[in-house]
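Our numbering numbers the first residue of the sequence shown as 805 and each following residue consecutively.
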Amino acid sequence: MRAMRYEIRPHHGLCSLFFEGKGYSGGFVRHMADVLAQLRQNPVIRLAEGADELCGCCPNNREGVCTDKEKASNYDRRVLALCRLHAGEELPWLDFSARVRTEIVFAGRRHAVCGDCQWSGLCDAVAARRGLLPKSPGNQK
Numbered sequence: 805m806r807a808m809r810y811e812i813r814p815h816h817g818l819c820s821l822f823f824e825g826k827g828y829s830g831g832f833v834r835h836m837a838d839v840l841a842q843l844r845q846n847p848v849i850r851l852a853e854g855a856d857e858l859c860g861c862c863p864n865n866r867e868g869v870c871t872d873k874e875k876a877s878n879y880d881r882r883v884l885a886l887c888r889l890h891a892g893e894e895l896p897w898l899d900f901s902a903r904v905r906t907e908i909v910f911a912g913r914r915h916a917v918c919g920d921c922q923w924s925g926l927c928d929a930v931a932a933r934r935g936l937l938p939k940s941p942g943n944q945k
């Protein structure tokens, strides 16, 4: 059996950490949950420069192009820079997710990446419930 390889937009590394079954539509939520379940199996991912596997059921996806292309691309560039990665790079999902948590979430940089996203308020609430908050200097190792 051939292993599945996913194309993933860099900013979706953040979305995945805060997802809790809410989204644009029931179809989108089911698709997101299905893809995230597969990603938890730790496949090798390729950091995409445009629409990815998670975009498949998004209402902003118009024939493979995001209607918010510039905003999404800015989020992607910020994630790549903070995680010291490049578009097209391949790595295991869990390694990527850990980098996003460490370099962005726990470093207190999420709002600098995507604070103007329509879902940011939801992410703030999820972060508080799940303990996905910046680490204080005294807690960092």
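All C-beta atoms in this analysis are idealised placements derived from N, C-alpha and C, irrespective of residue type, glycine included.
Since the structure is predicted, the reported quantities are computational estimates derived from the model, not experimental observations.
Open item on the list: So the candidates are R809, G817, R813; which of them puts its Cα closest to the Cα of A902?
Closed with: Selected option, being the one with the closest Cα: G817.
- [ ] Count the C-beta pairs between the region 891-910 and the region 848-859 that are closer than 8 Å, then say yes if the count reaches three, no if not.
- [x] The region 891-910 makes contact with the region 848-859: 3 or more CB pairs, one atom from each, lie closer than 8 Å.
Task: Counterpart residues of E811 in DSSP-defined beta bridges - done: Under DSSP, E811 forms a beta bridge with R850.
Open item on the list: Check for me: the beta strand (DSSP E) holding E857 runs from which residue to which?
Closed with: Careful: E857 lies outside any beta strand (DSSP E) and carries neither H nor E.
Task: Buried/exposed call for P814, threshold 16 Cβ in 10 Å - done: Looking at its Cβ environment, which holds 16 or more other Cβ atoms inside 10 Å, P814 is buried.
Task: Alpha-carbon spacing of Q944 relative to F910, whole angstroms - done: Interpretation of Q944 is limited by its pLDDT of 43, a score under 50 that renders its predicted location unreliable; the figure taken from the coordinates is listed afterwards. Here the alpha carbons of F910 and Q944 stand approximately 9 Å from one another.
TODO: Quick one: grab the DSSP three-state call for D928.
DONE: Look at D928 here: in three-state DSSP terms it is helix.
Task: N878 to K826 span [Cα, whole Å] - done: Their backbone Cα atoms lie some 23 Å apart in a straight line.
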